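Next comes the structure, spelled out in structure tokens:
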């Protein structure tokens, strides 16, 4: 056992030490998830895996920064800096900067911020012959286009899948909006995933290059992945399938923005032969809190069975406090 694995509890060590093949780490709240991720990478480096072959992706810059800082405390900071750690979108933008010409973009493309998108959408609604004051509020149209892009649907596909006349009209706006983006050599936030998927599916040699570069993938907060992110990961891991995902289906709260809980629930079916490791020892809460939480979440129909426990003692009983409003609760 490496020095890094010896500093983990048995379940954490199993999760960090299983390097080859697909691994699902079900990390309950307070079970040392970030510790497992960073120690896993440190262990991989210690057994001779090149840092350039490791790709770790999460959902926020803050989480990626914390991961890198913790890794730099475990291994040589120069080596840690050569591991690719970042958000899904930062990873995709890195690829697009190198490969954009294949899709007809100039490498110096710009990223449209929210204000830019609002302006382009307003113009697109007008170009499509509609009015933002007559049933086409920009926020709703923007959300609908974002949903289509996260399902990997271009305008022509959106038209096919439109279920109502409103969605059909949104698809027309989407078409005009995308044309305006392309005219300005610009991408919006959701294009990053959409276009990397297009690159990987239409240019097999590009996919092969990145499969060869990144031999080991690690995905944090896997319960929050959407269809586009799942598909990109599936393409990248290829047949070797050295994929470790860490997450907790009990903490899935982002379905409203496209997260698909079936990605974590069906991981063993998506990646046959997957090892499932459960982290159930909680280092943050007392037994009375965990018993209450287990009793509530245990009622969920679709979840991986797990039960958090703690050796921090029983602790105070959970209290029920009734308040008059959300403001009073916060107070």
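Numbering (my numbering), first residue to last: 1 to 331. We put the CB at the ideal spot given by N, CA and C, even for glycine. Note that the coordinates shown come from a computational prediction; the quantities given were computed from them, not determined experimentally.
| Asked | Found |
| --- | --- |
| Tell whether a beta-carbon distance below 8 Å holds between residue 197 and residue 158. | no |
| Would you kindly work out how many angstroms separate the C-alpha atoms of residue 265 and residue 221, rounded to a whole number? | 13 Å |
| From 317, 275 and 285, pick the residue whose C-alpha is nearest to that of residue 336; which is it? | No information on residue 336 is available, as it lies outside the stretch 1 to 331 that the chain covers here. |
| Following the continuous beta strand (DSSP E) through residue 244, name the residue where it begins and the one where it ends. | 243 to 247 |
| To the nearest angstrom, how far is it from the Cα of residue 9 to the Cα of residue 179? | 54 Å |
| Count the CB pairs spanning the stretch 249 to 258 and the stretch 200 to 212 that are closer than 8 Å, and state whether there are at least three. | no |
| Quick test of the definition: if touching needs 3 or more C-beta pairs under 8 Å, does the stretch 90 to 109 touch the stretch 161 to 171? | no |
| Per DSSP, residue 57 forms a beta bridge with which residues? | 86 and 219 |
| What whole-angstrom Cβ distance do residue 241 and residue 271 have, given they're in contact under 8 Å? | 6 Å |
| Ends of the beta strand (DSSP E) at residue 276? | 275 to 279 |
| Can you check DSSP and say which residues form a bridge with residue 111? | 187 |
| Suppose contacts are defined by Cβ-Cβ distances below 8 Å. Is residue 299 in contact with residue 282 by that definition? | no |
| Just how far apart, CA to CA, sit residue 83 and residue 319? | 45 Å |
| Hey, residue 16 and residue 36 are a contact pair by Cβ (cut 8 Å); roughly how many whole angstroms apart? | 5 Å |
| What does the alpha-carbon distance come out to for the pair residue 48 and residue 324? | 59 Å |
| Taking all protein chains shown into account, decide if residue 136 is buried (16 or more other Cβ within 10 angstroms of its Cβ) or exposed. | buried |
| So the candidates are 200, 262 and 52; which of them puts its Cα closest to the Cα of residue 238? | 200 |
| Should the stretch 109 to 127 be called in touch with the stretch 136 to 148, which here means at least 3 C-beta pairs below 8 Å? | yes |
| Would you mind working out which of 174, 28 and 207 sits nearest residue 147, comparing C-alpha positions? | 174 |
| With DSSP as the reference, please indicate the residues paired to residue 309 in a beta bridge. | 281 |
| Using a Cβ-Cβ cutoff of less than 7 Å, which residues in the same chain neighbour residue 263 once the five nearest sequence positions on both sides are dropped? | 222, 225 and 230 |
| Restricting to Cα atoms, I'd like to know which of 293, 42 and 219 is closest to residue 23. | 219 |
| Between residue 317 and the rest of its own chain, which residues show a CB-CB distance below 7 Å, the 5 nearest in sequence each way excluded? | 288 |
| Alpha carbons only, please: which of 195, 176, 151 and 331 is nearest the one belonging to residue 260? | 151 |
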